[in-house]
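Each residue of the sequence shown is one higher than the last, beginning at 0 in numbering that gives the first Met the number 0.
Backbone N, C-alpha and C fix where the C-beta goes; we use that ideal spot for every residue, glycine too.
Below is one structure; the comments refer to it alone.
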Amino acid sequence: MDIPDLPSMVTGLGRMLDVDNLTLAPAPLLFLVVGVLLVVESGYLIGLVLPGNSIPLTLGMLVASGALHTVHAVVVVAVSSCAGAQLAFARARRHGTCVLPEVLGRPLPDRVAAWQRWLHEQSGSRPRSIAVCGHMIGGVRTLAPRVLAGTRLRRRDFTMVSVAAATLWAMALVSVGSIVGDNEVLRTAYGFAWIPVVLVAVGSRLRDRSRL
């Protein structure tokens with residue numbers, strides 16, 4: 000059995016990760032998967048390792064290809080991400096604002112803990128600003144609702160700010176994705192850009208196993 004060389008493997012992986020492959024899936028299925036991923040990304044701590052910003056970008060590229068409608072994509076992204084933030088806020092306020100348990104925080108990068116410390120420092124004096132800006136940044140979007148639940152920010156106020164932030168975030172990234180999707184070179188490059196991510200993830204997993 001012949002082992003493919005590295006260029007062939009990279010090319011094959013790039014084709015597998017090509018966004019155009021998603022046009023074969025029904026729109027309702029795509030929206031369902033996206034909705035679940037975005038709720039989890041902003042609603043649960045596992046969202047720290049999910050590619051939240053890449054999801055609306057990908058939908059924007061599918062909008063450019065004609066597979067999805069712009070308004071539908073923006074609504075699904077905004078509603079799902081906002082719903083996840085509401086879930087995180089409600090659970091943290093009910094059960095306490097413990098954001099990163101020791102067992103979870105250990106394998107995460109140091110910058111995640113730094114984000115958490117910074118959010119705690121800023122949330123008391125500028126909770127609304129944190130709610131808006133935090134929703135725009137991957138990782139922070141997962142942590143911010145939990146930190147804000149420990150402030151005096153009312154649930155109603157958080158909901159209003161969260162809806163506005165999620166809508167702005169969805170419109171911006173779906174629009175950028177649509178622009179990228181209109182350019183064949185950028186669309187292809189986007190697919191290949193996932194290759195280092197996949198390789199790093201696999202390499203990290205193999206390294207962790209070798210240490211056991």
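Remark: three or more beta-carbon pairs, one from each stretch, lie closer than 8 Å, so the region 31-42 and the region 81-92 are flagged as touching. With at least 16 other beta carbons inside 10 angstroms of its own, N52 counts as buried. By alpha-carbon distance to N20, the top candidate from M60, V48, L49 is M60.
Around the beta carbon of R145, 16 or more other beta carbons lie within 10 angstroms, which makes this residue buried. In this structure the region 54-71 touches the region 156-172; the number of beta carbon pairs closer than 8 Å is three or more.
Of the residues R151, S124, V160, the one whose Cα lies closest to the Cα of H134 is V160. CA-CA distance, V131 to G65, rounds to 31 Å.
In the same chain as L36, and ignoring 5 residues on each side of it, the C-beta atoms closer than 7 Å to its own belong to L49, I54, in chain order. When only Cα atoms are considered, A63 and I178 end up about 7 Å apart.
Apart from the 5 residues on each side of it in sequence, G46 sits with its Cβ closer than 7 Å to the Cβ of V39, E40, T141 in its chain, given in chain order. As the crow flies, the alpha-carbon of W168 is around 14 Å from that of S128. According to the DSSP assignment, H71 belongs to the alpha helix (DSSP H) that extends over 69-94.
Contact check for S122 against L147 passes: the beta carbons are separated by less than 8 Å.
According to the DSSP assignment, S53 belongs to the alpha helix (DSSP H) that extends over 53-63. By the Cβ neighbour-count rule, G95 is exposed, with fewer than 16 other Cβ atoms within 10 Å of its own. Distance from the CA atom of L31 to the CA atom of G149, rounded to whole angstroms, is 31 Å. Counting only unbroken stretches of 3 or more residues, no beta strand (DSSP E) element lies wholly within the region 156-187.
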